[in-house]
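Colleague:
Numbering (the numbering used here), first residue to last: 14 to 129.
#1: For my contact list, residue 110 and residue 97 are in at a C-beta cut-off of 8 Å; report their separation, rounded to the angstrom.
#2: Please classify residue 46: does DSSP put it in a helix, a strand, or coil?
#3: If we call anything under 8 Å between Cβ atoms a contact, is residue 99 one with residue 87?
#4: Spatial neighbours of residue 65 within its chain, please: CB distance less than 7 Å, with the 5 preceding and 5 following residues excluded, ordered by chain position.
#5: Using the three-state DSSP reduction, which class does residue 100 fall into: helix, strand or coil?
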């Protein structure tokens, strides 16, 4: 047989002295709730913002890398032009620089490395 009425336990009030019942001190962790539509939208928006920031940073790194390669090519071209534009007093081209460049190019194409 079930009793017809239930007696609820009275909760002890929080006194000025700071006394709290043991039950209040040891709260059980509540189970996680499902995110609301607003929380989902907020998380999605933050993910999109993070993705935009990452793509922006990646593009910046690519720009820096391309600029560095471009400057390196320009410097190589300047050095090559300096070697090729050397002339004698009579205006004849100095061939030693041209031949050295040709030898280096042949060695790099063949995969040859000098032993000495």
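Where is the CB? At the ideal position from N, CA and C, for every residue including glycine.
Modeller: On the basis of the supplied data:
#1: Their Cβ separation, rounded to whole angstroms, is 7 Å, which keeps residue 110 and residue 97 in contact under 8 Å.
#2: If DSSP states are grouped into helix, strand and coil, residue 46 belongs with coil.
#3: Taking 8 Å as the Cβ cut-off, residue 99 and residue 87 do not qualify as a contacting pair.
#4: Around residue 65: no qualifying Cβ.
#5: Three-state DSSP puts residue 100 in a strand.
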